[in-house]
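First up is the structure itself, then whatever we jot down about it.
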Amino acid sequence: MKIGMNLLLYTTAPDEKMFPIAEKLKGMGYDGLEWPLMACELPMAKAIGKFNKDIGLGATAVAVFGEGTNPISDNPAERTAAYDRVRHYIDCTQALGGTLLCGPLTQTLGLFSGQGPTKEEHARAVEFLKKTGDYAQSAGVMISLEYLNRFEQYFINTAEQVAKVLADVNHPNVKTMVDSFHMNIEEADMRQAIKRLGKDCVHVHVSENNRGIPGSSKNIPWDDFFGGLKEIGYDGWLTIEAFGQFLPDLAAAARIWRQIFDSPEHLSRLGIEFIKRSWK
149 MKIGMNLLLY TTAPDEKMFP IAEKLKGMGY DGLEWPLMAC ELPMAKAIGK
199 FNKDIGLGAT AVAVFGEGTN PISDNPAERT AAYDRVRHYI DCTQALGGTL
249 LCGPLTQTLG LFSGQGPTKE EHARAVEFLK KTGDYAQSAG VMISLEYLNR
299 FEQYFINTAE QVAKVLADVN HPNVKTMVDS FHMNIEEADM RQAIKRLGKD
349 CVHVHVSENN RGIPGSSKNI PWDDFFGGLK EIGYDGWLTI EAFGQFLPDL
399 AAAARIWRQI FDSPEHLSRL GIEFIKRSWK
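Residue numbers (our numbering): 149 to 428.
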(Lines of atoms letter the chains of each structure in order from A; the text may use other names.)
(Lines give C-alpha, C1' and ligand atoms only; values in the text may rest on other atoms or scores of the structure.)
Protein backbone atom coordinates (compact mmCIF):
# COMPACT_ATOMS: atom_id res chain seq x y z
CA MET A 149 0.00 0.00 0.00
CA LYS A 150 1.20 3.49 -0.91
CA ILE A 151 -0.12 6.85 0.28
CA GLY A 152 -0.52 9.71 -2.17
CA MET A 153 -1.79 13.28 -2.27
CA ASN A 154 -3.87 14.68 -5.11
CA LEU A 155 -2.27 18.02 -5.91
CA LEU A 156 -5.58 19.69 -6.80
CA LEU A 157 -5.42 20.70 -3.15
CA TYR A 158 -2.55 22.98 -4.17
CA THR A 159 -2.75 23.74 -7.90
CA THR A 160 -4.65 23.23 -11.14
CA ALA A 161 -1.58 23.92 -13.31
CA PRO A 162 1.53 22.23 -11.88
CA ASP A 163 4.94 23.73 -12.56
CA GLU A 164 8.30 24.18 -10.78
CA LYS A 165 6.59 26.13 -7.98
CA MET A 166 5.15 22.80 -6.81
CA PHE A 167 8.57 21.25 -6.21
CA PRO A 168 9.16 22.68 -2.70
CA ILE A 169 5.64 21.61 -1.70
CA ALA A 170 6.29 18.15 -3.12
CA GLU A 171 9.45 17.89 -1.04
CA LYS A 172 7.49 18.83 2.10
CA LEU A 173 4.88 16.18 1.34
CA LYS A 174 7.59 13.58 0.86
CA GLY A 175 8.99 14.63 4.24
CA MET A 176 5.57 14.01 5.81
CA GLY A 177 5.72 10.42 4.57
CA TYR A 178 3.83 10.55 1.27
CA ASP A 179 5.02 7.95 -1.21
CA GLY A 180 3.87 9.88 -4.25
CA LEU A 181 1.70 12.63 -5.67
CA GLU A 182 -1.22 12.77 -8.08
CA TRP A 183 -0.59 15.44 -10.72
CA PRO A 184 -3.49 17.23 -12.48
CA LEU A 185 -2.99 17.29 -16.24
CA MET A 186 -5.76 19.55 -17.53
CA ALA A 187 -3.35 22.50 -17.88
CA CYS A 188 -0.11 20.56 -18.23
CA GLU A 189 1.93 20.35 -21.43
CA LEU A 190 4.43 17.64 -22.26
CA PRO A 191 7.64 19.64 -21.59
CA MET A 192 6.46 20.47 -18.07
CA ALA A 193 5.41 16.85 -17.51
CA LYS A 194 8.93 15.78 -18.45
CA ALA A 195 10.43 18.31 -16.02
CA ILE A 196 8.13 17.01 -13.27
CA GLY A 197 9.11 13.46 -14.15
CA LYS A 198 12.81 14.28 -13.74
CA PHE A 199 12.06 15.94 -10.40
CA ASN A 200 10.07 12.92 -9.21
CA LYS A 201 12.88 10.57 -10.18
CA ASP A 202 15.55 12.73 -8.57
CA ILE A 203 13.85 12.83 -5.15
CA GLY A 204 12.28 9.37 -5.29
CA LEU A 205 8.58 10.27 -5.46
CA GLY A 206 6.01 8.03 -7.10
CA ALA A 207 3.43 9.56 -9.41
CA THR A 208 -0.10 9.09 -10.64
CA ALA A 209 -2.12 11.52 -12.77
CA VAL A 210 -5.68 12.80 -12.86
CA ALA A 211 -7.59 14.42 -15.71
CA VAL A 212 -11.09 15.34 -16.88
CA PHE A 213 -12.67 16.24 -20.21
CA GLY A 214 -13.77 19.84 -20.76
CA GLU A 215 -16.11 21.45 -23.24
CA GLY A 216 -15.86 20.09 -26.78
CA THR A 217 -14.18 16.83 -25.75
CA ASN A 218 -16.86 14.25 -25.05
CA PRO A 219 -16.22 10.53 -25.71
CA ILE A 220 -19.95 9.69 -25.77
CA SER A 221 -21.18 12.65 -27.84
CA ASP A 222 -23.25 12.04 -30.97
CA ASN A 223 -20.90 14.56 -32.62
CA PRO A 224 -17.93 12.71 -34.19
CA ALA A 225 -15.74 15.82 -33.88
CA GLU A 226 -16.17 15.86 -30.11
CA ARG A 227 -15.34 12.16 -29.87
CA THR A 228 -12.21 12.68 -31.97
CA ALA A 229 -11.20 15.64 -29.80
CA ALA A 230 -11.65 13.51 -26.67
CA TYR A 231 -9.41 10.78 -28.07
CA ASP A 232 -6.73 13.30 -29.02
CA ARG A 233 -6.92 14.78 -25.55
CA VAL A 234 -6.71 11.47 -23.71
CA ARG A 235 -3.64 10.50 -25.73
CA HIS A 236 -2.06 13.75 -24.53
CA TYR A 237 -2.97 12.86 -20.95
CA ILE A 238 -1.43 9.41 -21.36
CA ASP A 239 1.76 10.87 -22.84
CA CYS A 240 2.02 13.29 -19.91
CA THR A 241 1.40 10.51 -17.39
CA GLN A 242 4.25 8.51 -18.89
CA ALA A 243 6.49 11.61 -18.83
CA LEU A 244 5.72 12.13 -15.13
CA GLY A 245 7.04 8.68 -14.42
CA GLY A 246 3.52 7.52 -13.63
CA THR A 247 1.83 4.30 -14.62
CA LEU A 248 -1.79 5.23 -13.77
CA LEU A 249 -4.14 7.90 -15.13
CA CYS A 250 -7.43 8.33 -13.29
CA GLY A 251 -10.51 10.48 -13.66
CA PRO A 252 -14.06 10.48 -15.05
CA LEU A 253 -12.82 9.67 -18.54
CA THR A 254 -16.15 8.66 -20.04
CA GLN A 255 -17.83 12.04 -20.53
CA THR A 256 -17.39 15.80 -20.27
CA LEU A 257 -17.35 16.72 -16.60
CA GLY A 258 -20.54 18.45 -15.49
CA LEU A 259 -22.39 17.86 -18.76
CA PHE A 260 -25.94 16.50 -18.56
CA SER A 261 -28.33 15.31 -21.24
CA GLY A 262 -31.47 15.50 -19.13
CA GLN A 263 -31.81 11.72 -19.04
CA GLY A 264 -29.85 8.63 -18.08
CA PRO A 265 -27.22 7.01 -20.30
CA THR A 266 -28.44 5.52 -23.57
CA LYS A 267 -27.42 2.36 -25.40
CA GLU A 268 -25.80 4.50 -28.07
CA GLU A 269 -23.72 6.35 -25.47
CA HIS A 270 -22.68 3.06 -23.92
CA ALA A 271 -21.53 1.79 -27.30
CA ARG A 272 -19.54 4.97 -27.95
CA ALA A 273 -17.91 4.73 -24.53
CA VAL A 274 -16.89 1.11 -25.12
CA GLU A 275 -15.39 1.96 -28.52
CA PHE A 276 -13.52 4.94 -27.06
CA LEU A 277 -12.17 3.01 -24.08
CA LYS A 278 -10.95 0.11 -26.19
CA LYS A 279 -8.92 2.51 -28.35
CA THR A 280 -7.75 4.38 -25.29
CA GLY A 281 -6.76 1.12 -23.61
CA ASP A 282 -4.63 0.14 -26.59
CA TYR A 283 -2.81 3.47 -26.55
CA ALA A 284 -2.36 3.36 -22.77
CA GLN A 285 -1.01 -0.18 -22.97
CA SER A 286 1.62 0.90 -25.50
CA ALA A 287 2.69 3.64 -23.04
CA GLY A 288 2.71 1.40 -19.97
CA VAL A 289 -0.18 3.32 -18.39
CA MET A 290 -3.27 1.98 -16.63
CA ILE A 291 -6.55 3.84 -17.13
CA SER A 292 -8.56 3.99 -13.91
CA LEU A 293 -12.12 5.17 -14.60
CA GLU A 294 -13.60 7.25 -11.81
CA TYR A 295 -17.34 7.11 -11.34
CA LEU A 296 -18.76 10.29 -9.83
CA ASN A 297 -21.99 11.16 -8.09
CA ARG A 298 -25.10 12.02 -10.09
CA PHE A 299 -24.66 15.76 -9.53
CA GLU A 300 -21.35 15.75 -11.45
CA GLN A 301 -21.97 13.26 -14.24
CA TYR A 302 -24.72 11.00 -15.51
CA PHE A 303 -23.02 8.23 -17.46
CA ILE A 304 -21.71 6.12 -14.55
CA ASN A 305 -22.47 6.73 -10.87
CA THR A 306 -22.11 3.34 -9.17
CA ALA A 307 -19.87 0.30 -8.96
CA GLU A 308 -22.54 -1.77 -10.71
CA GLN A 309 -22.65 0.62 -13.66
CA VAL A 310 -18.90 0.88 -14.09
CA ALA A 311 -18.57 -2.91 -13.84
CA LYS A 312 -20.91 -3.28 -16.83
CA VAL A 313 -18.81 -0.85 -18.87
CA LEU A 314 -15.60 -2.67 -17.95
CA ALA A 315 -17.11 -6.02 -18.89
CA ASP A 316 -17.88 -4.79 -22.40
CA VAL A 317 -14.54 -2.99 -22.81
CA ASN A 318 -12.67 -6.07 -21.57
CA HIS A 319 -9.24 -4.47 -21.76
CA PRO A 320 -6.34 -5.17 -19.36
CA ASN A 321 -5.40 -1.48 -19.25
CA VAL A 322 -8.87 -0.11 -18.52
CA LYS A 323 -10.00 -0.61 -14.93
CA THR A 324 -11.71 1.50 -12.27
CA MET A 325 -11.30 3.07 -8.86
CA VAL A 326 -13.33 4.05 -5.81
CA ASP A 327 -13.73 7.44 -4.14
CA SER A 328 -15.25 7.61 -0.66
CA PHE A 329 -16.90 10.99 -1.33
CA HIS A 330 -18.85 9.79 -4.36
CA MET A 331 -19.58 6.36 -2.90
CA ASN A 332 -21.04 7.97 0.22
CA ILE A 333 -23.66 9.62 -2.00
CA GLU A 334 -24.44 6.80 -4.42
CA GLU A 335 -23.73 3.40 -2.86
CA ALA A 336 -26.07 1.65 -0.43
CA ASP A 337 -23.21 -0.46 0.94
CA MET A 338 -19.60 0.65 0.41
CA ARG A 339 -18.07 -2.67 1.42
CA GLN A 340 -20.23 -4.65 -0.99
CA ALA A 341 -19.65 -2.16 -3.79
CA ILE A 342 -15.89 -2.51 -3.39
CA LYS A 343 -16.18 -6.29 -3.30
CA ARG A 344 -18.30 -6.11 -6.46
CA LEU A 345 -15.37 -4.49 -8.26
CA GLY A 346 -12.71 -6.77 -6.82
CA LYS A 347 -9.47 -6.79 -8.79
CA ASP A 348 -10.90 -4.26 -11.26
CA CYS A 349 -10.39 -1.63 -8.53
CA VAL A 350 -6.85 -0.38 -9.16
CA HIS A 351 -6.90 3.02 -7.45
CA VAL A 352 -8.48 4.76 -4.45
CA HIS A 353 -9.36 8.33 -3.51
CA VAL A 354 -9.75 8.93 0.22
CA SER A 355 -12.08 11.92 0.47
CA GLU A 356 -14.17 13.26 3.33
CA ASN A 357 -17.88 13.95 2.90
CA ASN A 358 -17.25 17.73 2.94
CA ARG A 359 -14.01 17.46 0.90
CA GLY A 360 -11.99 18.42 3.97
CA ILE A 361 -9.69 16.45 6.27
CA PRO A 362 -10.22 12.68 5.85
CA GLY A 363 -11.59 11.18 9.05
CA SER A 364 -12.82 14.49 10.45
CA SER A 365 -16.50 13.50 10.39
CA LYS A 366 -18.57 10.46 11.35
CA ASN A 367 -20.62 10.49 8.15
CA ILE A 368 -18.52 8.14 6.02
CA PRO A 369 -18.43 4.45 7.05
CA TRP A 370 -14.64 4.27 7.03
CA ASP A 371 -14.56 0.77 8.53
CA ASP A 372 -16.56 -0.54 5.58
CA PHE A 373 -14.48 1.48 3.11
CA PHE A 374 -11.07 0.31 4.29
CA GLY A 375 -12.43 -3.10 5.28
CA GLY A 376 -13.75 -3.68 1.77
CA LEU A 377 -10.38 -2.76 0.29
CA LYS A 378 -8.62 -5.20 2.59
CA GLU A 379 -11.09 -7.95 1.67
CA ILE A 380 -10.30 -7.64 -2.05
CA GLY A 381 -6.56 -7.65 -1.31
CA TYR A 382 -6.06 -4.07 -2.48
CA ASP A 383 -2.41 -3.02 -2.39
CA GLY A 384 -2.24 0.13 -4.51
CA TRP A 385 -2.45 3.87 -3.89
CA LEU A 386 -4.55 5.41 -1.13
CA THR A 387 -4.61 8.99 -2.42
CA ILE A 388 -6.17 11.87 -0.53
CA GLU A 389 -8.43 14.09 -2.60
CA ALA A 390 -9.50 17.32 -0.91
CA PHE A 391 -10.51 20.81 -1.99
CA GLY A 392 -10.33 24.13 -0.18
CA GLN A 393 -10.89 27.79 -0.94
CA PHE A 394 -7.25 28.44 -1.77
CA LEU A 395 -7.85 28.05 -5.53
CA PRO A 396 -10.93 30.19 -6.32
CA ASP A 397 -11.77 28.67 -9.73
CA LEU A 398 -11.50 25.11 -8.45
CA ALA A 399 -13.34 25.98 -5.24
CA ALA A 400 -16.24 27.28 -7.30
CA ALA A 401 -16.27 24.17 -9.50
CA ALA A 402 -16.21 21.90 -6.43
CA ARG A 403 -18.88 24.04 -4.71
CA ILE A 404 -16.65 24.89 -1.76
CA TRP A 405 -18.27 28.00 -0.29
CA ARG A 406 -16.63 28.09 3.13
CA GLN A 407 -13.24 27.38 4.65
CA ILE A 408 -13.29 23.77 5.84
CA PHE A 409 -9.73 23.38 7.20
CA ASP A 410 -6.92 25.64 8.33
CA SER A 411 -4.39 25.06 5.54
CA PRO A 412 -3.33 22.49 2.93
CA GLU A 413 -0.35 21.56 5.12
CA HIS A 414 -2.62 20.97 8.12
CA LEU A 415 -4.88 18.73 6.05
CA SER A 416 -1.92 16.84 4.59
CA ARG A 417 -0.47 16.06 8.01
CA LEU A 418 -3.75 14.93 9.58
CA GLY A 419 -4.83 13.08 6.44
CA ILE A 420 -1.80 10.81 6.24
CA GLU A 421 -2.06 10.04 9.95
CA PHE A 422 -5.70 9.04 9.48
CA ILE A 423 -4.92 6.73 6.56
CA LYS A 424 -2.12 4.99 8.45
CA ARG A 425 -4.34 4.42 11.50
CA SER A 426 -7.26 3.24 9.41
CA TRP A 427 -5.21 0.82 7.31
CA LYS A 428 -3.78 -0.80 10.42
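Each residue gets a CB set at the ideal place from its N, CA and C atoms; glycine is no exception.
For residue i, report the span of its alpha helix (DSSP H) as first-last.
{"i": "residue 182", "result": "Where residue 182 is concerned, there is no enclosing alpha helix (DSSP H), although the beta strand (DSSP E) it sits in stretches over 180–184."}
{"i": "residue 253", "result": "No alpha helix (DSSP H) holds residue 253; DSSP gives it neither H nor E."}
{"i": "residue 202", "result": "190–203"}
{"i": "residue 175", "result": "167–176"}
Taking the C-alpha atoms as reference points, what is the distance between residue i and residue j?
{"i": "residue 211", "j": "residue 300", "result": "14 Å"}
{"i": "residue 276", "j": "residue 401", "result": "26 Å"}
{"i": "residue 358", "j": "residue 160", "result": "20 Å"}
{"i": "residue 384", "j": "residue 318", "result": "21 Å"}
{"i": "residue 92", "j": "residue 268", "result": "Absent from the model: residue 92. The displayed extent of the chain is 149 to 428, so no value can be given."}
{"i": "residue 378", "j": "residue 347", "result": "12 Å"}
{"i": "residue 152", "j": "residue 165", "result": "19 Å"}
{"i": "residue 336", "j": "residue 330", "result": "12 Å"}
{"i": "residue 419", "j": "residue 270", "result": "37 Å"}
{"i": "residue 236", "j": "residue 190", "result": "8 Å"}
{"i": "residue 412", "j": "residue 175", "result": "15 Å"}
{"i": "residue 185", "j": "residue 162", "result": "8 Å"}
{"i": "residue 203", "j": "residue 180", "result": "10 Å"}
{"i": "residue 397", "j": "residue 298", "result": "21 Å"}
{"i": "residue 259", "j": "residue 303", "result": "10 Å"}
{"i": "residue 183", "j": "residue 169", "result": "13 Å"}
{"i": "residue 320", "j": "residue 187", "result": "28 Å"}
{"i": "residue 424", "j": "residue 388", "result": "12 Å"}
{"i": "residue 382", "j": "residue 342", "result": "10 Å"}
{"i": "residue 417", "j": "residue 272", "result": "42 Å"}
{"i": "residue 150", "j": "residue 206", "result": "9 Å"}
{"i": "residue 261", "j": "residue 296", "result": "16 Å"}
{"i": "residue 225", "j": "residue 231", "result": "10 Å"}
Count the other CB atoms, across all protein chains shown, that sit within 10 Å of the CB of residue i; report buried if there are 16 or more and exposed otherwise.
{"i": "residue 200", "result": "buried"}
{"i": "residue 124", "result": "This structure cannot settle anything about residue 124, because the visible part of the chain is limited to 149 through 428."}
{"i": "residue 223", "result": "exposed"}
{"i": "residue 327", "result": "buried"}
{"i": "residue 282", "result": "exposed"}
{"i": "residue 228", "result": "exposed"}
{"i": "residue 193", "result": "buried"}
{"i": "residue 372", "result": "buried"}
{"i": "residue 315", "result": "exposed"}
{"i": "residue 266", "result": "exposed"}
{"i": "residue 216", "result": "exposed"}
{"i": "residue 355", "result": "buried"}
{"i": "residue 414", "result": "exposed"}
{"i": "residue 171", "result": "exposed"}
{"i": "residue 427", "result": "exposed"}
{"i": "residue 405", "result": "exposed"}
I'd like the span of the beta strand (DSSP E) that includes residue i, first residue to last.
{"i": "residue 129", "result": "With the chain represented from 149 up to 428, any question about residue 129 goes unanswered, as that position is not in the structure."}
{"i": "residue 154", "result": "150–154"}
{"i": "residue 209", "result": "206–210"}
Should residue i be listed as close to the ligand NAP, given that the test is whether its C-beta is under 7 Å from any heavy atom?
{"i": "residue 251", "result": "Summarising the ligand content, the structure contains no ligands, and the ligand NAP is consequently not present."}
Could you check how far apart the C-beta atoms of residue i and residue j are, in whole angstroms? I think they sit under 8 Å.
{"i": "residue 376", "j": "residue 339", "result": "4 Å"}
{"i": "residue 368", "j": "residue 392", "result": "Actually they are not in contact, since the Cβ atoms of residue 368 and residue 392 sit about 18 Å apart, beyond 8 Å."}
{"i": "residue 324", "j": "residue 289", "result": "Rounded, the Cβ-Cβ distance is 15 Å, inconsistent with contact."}
{"i": "residue 117", "j": "residue 209", "result": "Only positions 149 to 428 of the chain appear in the structure, and residue 117 is not among them; the question remains open."}
{"i": "residue 213", "j": "residue 255", "result": "7 Å"}
{"i": "residue 344", "j": "residue 390", "result": "Rounded, the Cβ-Cβ distance is 26 Å, inconsistent with contact."}
{"i": "residue 307", "j": "residue 238", "result": "At roughly 25 Å, the Cβ-Cβ gap does not stay under 8 Å, so residue 307 and residue 238 are not in contact."}
{"i": "residue 313", "j": "residue 280", "result": "About 12 Å separates the two Cβ atoms, so there is no contact after all."}
{"i": "residue 155", "j": "residue 197", "result": "Not a contact, Cβ separation roughly 14 Å."}
Indicate whether at least one CB of chain B lies closer than 8 Å to the CB of residue i.
{"i": "residue 388", "result": "Protein chain content of the structure displayed is limited to a single chain, and chain B is not contained in it."}
Minimum length 3: unbroken beta strand (DSSP E) runs contained in the stretch 262–330: Along the stretch 262–330, the beta strand (DSSP E) occurs as fully enclosed runs of 3 or more residues at 290–293, 322–327, listed in sequence order.
Which runs of the beta strand (DSSP E), 3 residues or longer, sit entirely within the stretch 326–412? Fully enclosed beta strand (DSSP E) runs of 3 or longer: 349–354, 385–388.
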